[in-house]
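Colleague: Under UniProt numbering, think of the first position of the sequence shown as 1, with each following residue one higher. Heads up, the beta-carbon is just placed ideally off N, CA and C, and yes, glycines get one too. Predicted, not measured: the structure shown is a model, and the values here were computed from it.
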Amino acid sequence: MSEISFDDFLKVDVRVGTVMRAEPYPEARKPAIKLWIDFGDEIGEKKTSAQITAHYAAETLVGKQVLAVVNFPSRQIGKFMSEVLVLGMPDEKGEVVLVGPDQTVPVGGRLH
């Protein structure tokens, strides 16, 4: 793995948001869930899809705080436009476990 500078790290804008809406995404090539995430007044609500069905059902995600990269360009995922990249870590089977704060924090806060 190559090292990066602190300035490189600062280019990645990771923010906390609250999932406002979540729906299954059965049309996706791999099982996924569509998420609408509120990042506060500065960024607003952004949408994404995530392959997180091993550990999450859409109805359990509303209200959950998650971390996401908010400054990637939008990406077409099937018929759905993904605007942010939610962050997660693999479990022992390689399935995604979402990353978020262990306490409720104001939406829009930047990782530092």
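Only counting the same chain, and skipping five residues up and downstream in sequence, which positions put a Cβ closer than 6 Å to that of V105?
Modeller: Result list for V105: V16, in chain order.
Colleague: Would V96 and A54 qualify as a contact pair, given that the criterion is a beta-carbon distance under 9 Å?
Modeller: Closer than 9 Å, so yes.
Colleague: Have a look at L111, K47, V84 and E92 and flag the residue whose alpha-carbon is nearest the alpha-carbon of E23.
Modeller: The residue with the shortest Cα to Cα distance from E23 is K47.
Colleague: CB V86 to CB L35, shorter than 9 Å?
Modeller: Yes, the pair counts as a contact, with Cβ atoms nearer than the cut-off.
Colleague: Measuring only the C-alpha atoms, how far is S74 from V66?
Modeller: Cα-Cα distance, rounded: 18 Å.
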